[in-house]
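Visitor: For what it's worth, our numbering labels the leading residue of the first sequence as 284, then goes sequentially. Just so you know, even glycine gets a beta-carbon here, dropped at the ideal spot from N, CA and C.
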Amino acid sequence: MLQLTYLREKTEEAIERLSKKNIDARTLVGQVLELDALRKGCQAKLDNQLSRSNQIAKEVGQMMKEGYPEKATLLKQESTQLKEDIQGLQKELTDIEQKQTQLLYQIPNAPHASVPKGKTPEENEVVVQKGNIPTFSFTALPHWDLAKKYDLIDFELGVKITGAGFPVYKGKGARLQRALINFFLDKATAAGYVEHQPPLMVNEASGYGTGQLPDKEGQMYHATIDNFYLIPTAEVPLTNIYRDVIIKAEDLPIKLCGYTPCFRREAGSYGKDVRGLNRLHQFDKVEIVQFQHPDKSYKTLEEMVDHVASLLELLELPYRKLKLCGGDMSFASALTYDMEVFSAAQQRWLEVSSISNFETFQANRMKARFKEGSEKPQLAHTLNGSALALPRIVAALLENNQTENGIKIPKALAEYAGFDFIG
RNA sequence: GGAGAGAUGGGUGAGUGGCUUAAACCAACAGUUUGCUAAACUGUCGUACUCGAAAGGGUACCGGGGGUUCGAAUCCCCCUCUCUCCGCCA
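Quick look at the structure:
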């Protein structure tokens, strides 16, 4: 959530920035600030009463010791009276705070100044496009046909065991998955990200920390008996490592990476986009996460994007880099780049990575802070990105590199896979 | 799953109703001393909200929530988590 001090001190700027997400935040922000004024007044009153109450308690102790029990009785009466006021004020205060938090939860992150205006994905800005889009002298097959033809992925078997969206990878298909995971992790590690294997289930507090809860509860699988959620991305457990932590400024940036399966219910998204590997309930992903000083976070975002681009180039996939417009950005993001690869048989661009700077939006919920020397702790900026999500990469690799009698594996990946051709 | 013990500041750990403004030690930071290092000594050493130009105040926080009391780290209730032993098990 946005910082209260920011809304208080730069109200107009905040409203202006939020307008890029096509929302009129004026009323909401106004209500928050109104409640803030109420809160202050209420707290001041309460603090005074508590102060008096503490004072009485001390005096009573003094009198008992010195042997004036009848004076003490008078004070006790005053204190008992005070207590009623205090309880009332306390209730009032928590009410105000709850209302305020509820409102703050409804306000999305304010887009960065460079975010293009727009409402639909069509209005995203194509920053660069690289690589050659392959053409074929034969009829190119979509990846689900290729997967079947070369016995790499069995979608129907997944349906039998679990349900739609849970494919079974077999033989060279499974090996390819393992190769990609190792390839991505090695590259991330070489770029300075420390590899982690986090839990695949998280508790409620972690869900709130990165913002999946309360809004996107329906998107996560929920193990109700223990109240754990299956992670929709490694971002959740990795970022929450620094929940309630004050980082030493000299330790910034903190760079983390991790491979995990990701679980998404994808409730309500059915249609032609979901064919094959395009949209799954379980998929593999390597995620990169950084905690950075606010002054450096946008430079860091570019570095992360460049890292992802370098992976796509090594995989020899045609890709483009998009800067998302305000309307297509996620609730929590201040600036997002999407990376898309072209899948030659489907003739579509597929999103394989989303890299975002959340500024202090997540850090504020999580209380992820850093401290320089003896200065006051301040909220860190958090960033994360996929580097990369596997299924659509596999789809593009299969489709783009197909020949009439097999699939070529790019050199960088062949080293990991142990084969350079699937026939 | 059964039985028991616990949860205190960055760490160890004292504290069974008011001398607690949470001791002491360690770590960290600054300084003194020193040819340098070490040691010693002195000082600083939590977070949030709030009042104040500042100096400096006020309030809350001892796992979380509730209760008893004029007053709770301390007593009572509930919850969560951790540890030990037993059982089960990859």
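1) Consult DSSP for Lys-366 and reduce its assignment to one of helix, strand or coil.
2) DSSP state of Phe-449, grouped into three classes?
3) Can you check whether the CB of Val-588 is closer than 8 angstroms to the CB of Tyr-620?
4) Rounded to whole angstroms, how far is the Cβ of Tyr-512 from the Cβ of Val-485, which I believe are closer than 8 angstroms?
5) What did DSSP end up calling Asp-718 once you bin it into helix, strand or coil?
6) With burial defined as no fewer than 16 other Cβ atoms inside 10 Å of the residue's Cβ, what is the status of Gly-541: buried or exposed?
7) Which stretch, first to last residue, makes up the alpha helix (DSSP H) that contains Thr-516?
8) Could you tell me the alpha carbon to alpha carbon distance between His-590 and Ala-471, rounded to whole angstroms?
9) Which value, in whole angstroms, describes the spacing of the CA atoms of Asp-703 and Ser-420?
10) I'd like the span of the beta strand (DSSP E) that includes Val-635, first residue to last.
11) Classify Ala-320 as buried or exposed, calling it buried when 16 or more other Cβ atoms lie within 10 Å of its own Cβ.
12) Quick check: Phe-653 and Gln-661, are their CB atoms within less than 8 angstroms of each other?
13) Are there 16 or more other CB atoms within 10 angstroms of the CB of Thr-422, so buried, or fewer, so exposed?
14) Give me, in chain order, the residues of the same chain whose beta-carbon lies closer than 8 angstroms to that of Gly-494; leave out the 5 immediate sequence neighbours on both sides.
15) Is the beta carbon of Asp-567 sitting closer than 8 angstroms to the one on Pro-536?
16) Between the Cα of Glu-380 and the Cα atoms of Glu-317, Glu-655, Pro-693 and Leu-539, which residue gives the shortest distance?
17) How many angstroms separate the CA atom of Ala-396 from the CA atom of Ser-302?
18) Quick one, are the C-beta atoms of Met-284 and Leu-435 less than 8 angstroms apart?
19) Pull up the CB-CB distance for Arg-335 and Leu-358, whole angstroms please, since I reckon it's below 8 angstroms.
20) In chain order, what residues of the same chain lie with their CB nearer than 7 angstroms to the CB of Arg-291, ignoring the 5 residues before and after it?
21) Pull up the distance between the alpha-carbon of Tyr-699 and that of Leu-287, whole angstroms please.
22) When you compare only the Cα positions, how much space is there between Pro-601 and Val-410?
23) Below 6 angstroms CB to CB, which residues in the same chain sit around Asn-684 once its five sequence neighbours on both sides are set aside?
24) Below 7 angstroms, is the gap between the Cβ of Gln-383 and the nearest heavy atom of the ligand NAD?
25) Could you name the residues of the same chain whose beta carbon sits closer than 6 angstroms to that of Gln-314, not counting the 5 residues immediately before and after it, in chain order?
26) Going by beta carbon distance, what residues of the same chain come within less than 6 angstroms of Tyr-433, once the five residues before and after it are set aside?
27) Consult DSSP for Ile-464 and reduce its assignment to one of helix, strand or coil.
28) Pick out whichever of Lys-499, Ala-670, Gly-559 and Arg-548 has its Cα sitting closest to the Cα of Ser-593.
29) What does the alpha-carbon distance come out to for the pair Ile-676 and Gly-668?
30) Going by DSSP, what residues sit across from Cys-608 in a beta bridge?
31) So the candidates are Ala-672, Ala-308 and Gln-345; which of them puts its Cα closest to the Cα of Asn-561?
32) What separation, rounded to the nearest whole angstrom, lies between the Cα atoms of Leu-279 and Val-312?
33) Just to confirm the assignment, what range does the alpha helix (DSSP H) spanning Ile-676 have?
34) Between which two residues does the beta strand (DSSP E) holding Lys-568 run?
35) Buried or exposed for Thr-516, going by 16 or more other Cβ atoms inside 10 Å?
Guide: The structure says:
1) helix
2) coil
3) yes
4) 6 angstroms
5) For the chain, the structure presents residues 284 to 706; residue 718 sits outside this window and is missing.
6) buried
7) Run containing Thr-516: none; DSSP gives neither H nor E here.
8) 8 angstroms
9) 22 angstroms
10) 631-642
11) exposed
12) yes
13) exposed
14) Phe-614, Ala-615, Phe-644, Gln-645 and Arg-648
15) no
16) Glu-317
17) 11 angstroms
18) no
19) About 11 angstroms; that fails the 8 angstroms criterion.
20) Leu-316 and Asp-319
21) 49 angstroms
22) 14 angstroms
23) Ile-690 and Lys-691
24) Questions concerning the ligand NAD fall outside what the structure shown contains, since it holds no ligand whatsoever.
25) Leu-386
26) Ile-705
27) helix
28) Ala-670
29) 15 angstroms
30) Answer is none; Cys-608 lacks a bridge partner.
31) Ala-672
32) Because residue 279 is not part of the residues shown, which for the chain are 284 to 706, the question remains open.
33) 673-683
34) 565-575
35) buried
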